[in-house]
Amino acid sequence: MVDTLSEEKIIGYFKNKSILITGSTGFLGKILVEKILRVQPDVKKIYLPVRAVDAAAAKDRVETEVVGKELFGLLREKHGDWFQSFICEKIVPLAGDVMREDFGVDSETLRELRVTQELDVIVNGAATTNFYERYDVALDVNVMGVKHMCNFAKKCPNLKVLLHVSTAYVAGEKQGLVQERPFKNGETLLEGTHLDIDTELKLAKDLKKQLEADADSSPKSQRKAMKDLGITRARHFGWPNTYVFTKSMGEMVLGQLKCDLPVVIVRPSIITSVQNDPLPGWIEGTRTIDTIVIGYAKQNLTYFLADLNLTMDVMPGDMVVNAMMAAIVAHSSSSLEKTQSHPEPHAPAVYHVSSSRRNPTPYNVLHEAGFRYFTEHPRVGPDGRTVRTHKMTFLSSMASFHLFMMLRYRLLLELLHLLSVLCCGLFGLDTLYHDQARKYRFVMHLVDLYGPFALFKGCFDDVNLNKLRLAMTSNHGSLFNFDPKTIDWDDYFYSVHIPGVLKHMLN
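Spelled out as structure tokens, the structure:
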């Protein structure tokens, strides 16, 4: 790693660089694209592969789903009437699909644009984050997508660094200190098991083929079967859901990349709204913790699964991007001394971009900030009346949650079912029972998927990230600050995050 990192060094690094970013239509991808363009307008090109049928459709997606967002307001204001021409000069949308070789971009386009010859940096942020995703889809995106990226990287002679965005929760339900180290091929979280990625790919392929050959199998039942396979396989090896399981496999694939290229794995914890620049509070997509905020806003959530004393590990989106940019510069082969970078020259460098080690905060801070915010800024109902804010009740274990659901809902459901049978389905009781039973199963399914994260008792070590942080000549107040210790969590939630969720997600 380089001895020092300054704002000037990071900004200067991206001058005249060609960068390819997958996942640019996602929350983190947009922040990264905007930040590079804003701090270094002399970046050469930013290639954005997006799923699209042709170049025109790709261009439209980038214009509407990336640069057309409010996040780019500061950049738009900076360039004024020249904004559109600036974007056209710097950003190159590529029609393709990360689930295919070369990101699905046709070879003629790659040759014409000289992408492989000129590329300096690859950032892989593409992923399916659905906890209950179809197993075949999750494997295609989170595992095979990484393999295709590695194969593409080998075709780029001038590539200086490859950065892959993973998640800190590849740790599964591990308790205690979770270290920043890459997964070994075949490693699992359950003792006595060994993971073979090719076997998993074959399992998904065989089941898909079998389902498609079954004339009595509906598309809905096929989807459920593929989703259930993902959960079953994940839990067989010790992971709680398909998302973190396949992201772990993606890391293993990346670890098999055999070349002298520096590889970086960034593992953020829960990514929250932008704290500082370019737009405080900006957010897209509901994070798990925002269930509390939305519940307070709508006052339709009275009970929630969470232990308020447990540490809530979150990092603002802009801080995650700042850490990514610093890591790119620190590990770039143009400035890297390989003997100092990592004990294993070809092993990926892993960074936990997290807060539980350096500036931990319990869930209770968000809970209290939410109650205080909505008490002082009450919502107004459809009838024009002020909605009174009530505190939520939190159930701190799966056992207490299941007991509560049984006493509060399950027994009533059974009574309703009995009445429906006795009345032979009259008075709409049968329809009411099935509707309520469906909602009950849905809630229990969500708790089954998200419960391990609400009750996570691990702590993400950040030794590597702290070394990167110490290399920064300026951190507090810096343009590239990623130190969670500079955050007052209560003020952030009250003044930035909660208003951001209301403005950008609930209007």
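In terms of the numbering used here, the sequence shown has 1634 at position 234, counting the first letter as 1, and numbering is strictly consecutive. Note that CB positions come from ideal geometry on N, CA and C, so glycine has one too.
task = For Asp1550, name the three-state secondary structure that DSSP assigns.
result = Here residue 1550 is Cys; the residue named in the question, Asp, does not match the sequence. Three-state result, Cys1550: helix.
message = Let me confirm a value: Ala1613 is counted as buried when at least 16 other C-beta atoms fall within 10 Å, else exposed. Which label applies?
response = A residue is called buried when at least 16 other Cβ atoms come within 10 angstroms of its Cβ; Ala1613 does not meet this threshold and is exposed.
key: Closest residue to Val1492 among Ala1457, Lys1445, Gly1480 (Cα-Cα distance)   = Ranking Ala1457, Lys1445, Gly1480 by CA distance to the CA of Val1492 puts Lys1445 first.
ask   = Hey, how far is the Cα of Cys1823 from the Cα of Leu1829?
value = Their backbone Cα atoms lie some 8 Å apart in a straight line.
task = Quick one: residues in its chain with C-beta nearer than 8 Å to the C-beta of Arg1772, no 5 flanking neighbours on either side, listed in chain order?
result = The answer, listed in chain order, is Tyr1894.
message = Can you tell me whether Pro1748 is buried or exposed? The criterion is at least 16 other CB atoms within 10 Å of its CB, across all chains shown.
response = Residue burial is scored here from C-beta neighbours: Pro1748 has at least 16 other C-beta atoms within 10 angstroms and is therefore classed as buried.
Reduced DSSP secondary structure (H/G/I, E/B, other) of Pro1748 = Coil at Pro1748, not helix or strand.
key: Sequence-distant residues of its chain with Cβ nearer than 6 Å to Ala1604 (five each side left out)   = Around Ala1604: Tyr1535, Asp1536, Leu1539.
ask   = Just how far apart, CA to CA, sit Leu1708 and Arg1635?
value = Cα to Cα, the separation comes out at about 26 Å.
key: Host beta strand (DSSP E) of His1564 (start-end)   = Its beta strand (DSSP E) spans residues 1561 to 1565.
query = How big is the Cα-Cα spacing for Ile1421 and Arg1500?
reply = Here the alpha carbon of Ile1421 sits roughly 16 Å from the alpha carbon of Arg1500.
ask   = Taking one C-beta from the stretch 1518 to 1525 and one from the stretch 1619 to 1629 each time, how about it: are there three or more such pairs within less than 8 Å?
value = With the rule of 3 Cβ pairs closer than 8 Å, the stretch 1518 to 1525 does not count as touching the stretch 1619 to 1629.
query = Going by other Cβ atoms of all chains shown within 10 Å of its Cβ, with 16 needed for buried, is Tyr1703 buried or exposed?
reply = It counts as exposed.
key: Chain-order list of residues whose beta-carbon lies under 7 Å from that of Ser1878 (same chain, five-residue window excluded)   = Glu1407, Met1872.
task = Measure the Cβ-Cβ separation of Phe1882 and Asn1700 and say whether it is below 8 Å.
result = Between Phe1882 and Asn1700, the gap from beta carbon to beta carbon reaches 8 Å or more.
query = Is Phe1794 helix, strand or coil when you go by DSSP?
reply = Three-state result, Phe1794: strand.
query = Among the residues of its own chain, which have a CB less than 7 Å from the CB of Val1543, if the five just before and after it don't count?
reply = Correct list, in chain order: Ile1597, Thr1646, Met1649, Gly1650, Val1653.
query = Less than 8 Å separating the beta-carbons of Ser1618 and Val1896?
reply = Judged by beta-carbon spacing, Val1896 lies beyond the 8 Å limit of Ser1618, meaning their Cβ atoms are not closer than that value.
request  = Counting only the same chain and skipping the five closest in sequence on each side, list residues whose C-beta sits under 8 Å from that of Thr1688.
outcome  = Within the same chain, Ile1670, Tyr1850, Phe1853, Ala1854 come within 8 Å of Thr1688 by CB-CB distance, once the 5 residues on both sides are set aside.
Whole runs of the beta strand (DSSP E) within the stretch 1611 to 1671, excluding any shorter than 3 residues = Considered as a whole, the stretch 1611 to 1671 harbours 1663 to 1668 as its complete beta strand (DSSP E) runs of no fewer than 3 residues, in chain order.
request  = Alpha carbon to alpha carbon, how far is His1777 from Thr1786? Give it in angstroms, no decimals.
outcome  = Answer to the nearest angstrom: the Cα atoms are 10 Å apart.
message = Just list the residues that DSSP pairs Gly1496 with in beta bridges.
response = Per DSSP, Arg1451.
message = When you compare the stretch 1810 to 1822 with the stretch 1833 to 1843, are there three or more beta-carbon pairs, one atom per stretch, that lie closer than 8 Å?
response = The stretch 1810 to 1822, when compared against the stretch 1833 to 1843, does touch it at the 8 Å Cβ threshold.
request  = For the alpha helix (DSSP H) holding Leu1815, just list the boundary residues, first then last.
outcome  = Here the alpha helix (DSSP H) through Leu1815 covers 1811 to 1822.
message = Bridge partners for Gly1858 per DSSP, in chain order?
response = Per DSSP, Gly1576.
message = Taking the straight line between their C-alpha atoms, what separation do you get for Ala1965 and Asp1783?
response = Here the chain has residues from 1401 to 1907 only, and residue 1965 is not among them.
inquiry  = So, at 8 Å on beta carbons, what are the nonlocal neighbours of Gln1517 in its own chain, with the 5 sequence-adjacent residues on each side left out?
reply    = For Gln1517, where only same-chain residues beyond five positions count, the Cβ hits under 8 Å are Cys1556, Pro1557, Asn1558.
query = What's the C-alpha gap between Cys1859 and Glu1512?
reply = Each residue's alpha carbon lies about 48 Å from the other.
task = Look up Ile1431 in the DSSP assignment and say whether it is helix, strand or coil.
result = Ile1431 falls in the helix class under three-state DSSP.
Under 8 Å between C-beta atoms of Thr1642 and Glu1573 = Not a contact, by the Cβ cut-off of 8 Å.
task = Could you have a look at Phe1385 and say whether DSSP puts it in helix, strand or coil?
result = Since the first residue shown for the chain is 1401 and the last is 1907, residue 1385 is missing from the structure and cannot be characterised.
task = Name the two residues that bound the continuous beta strand (DSSP E) containing Tyr1703.
result = DSSP places Tyr1703 inside the beta strand (DSSP E), whose first and last residues are 1703 to 1705.
ask   = Less than 8 Å separating the beta-carbons of Val1729 and Ile1410?
value = Against a cut-off of 8 Å, the Cβ pair of Ile1410 and Val1729 comes out as a contact.
ask   = Pairing CB atoms from the stretch 1457 to 1465 with CB atoms from the stretch 1482 to 1496, are three or more of them under 8 Å?
value = Counting Cβ pairs under 8 Å, three or more are found: they touch.
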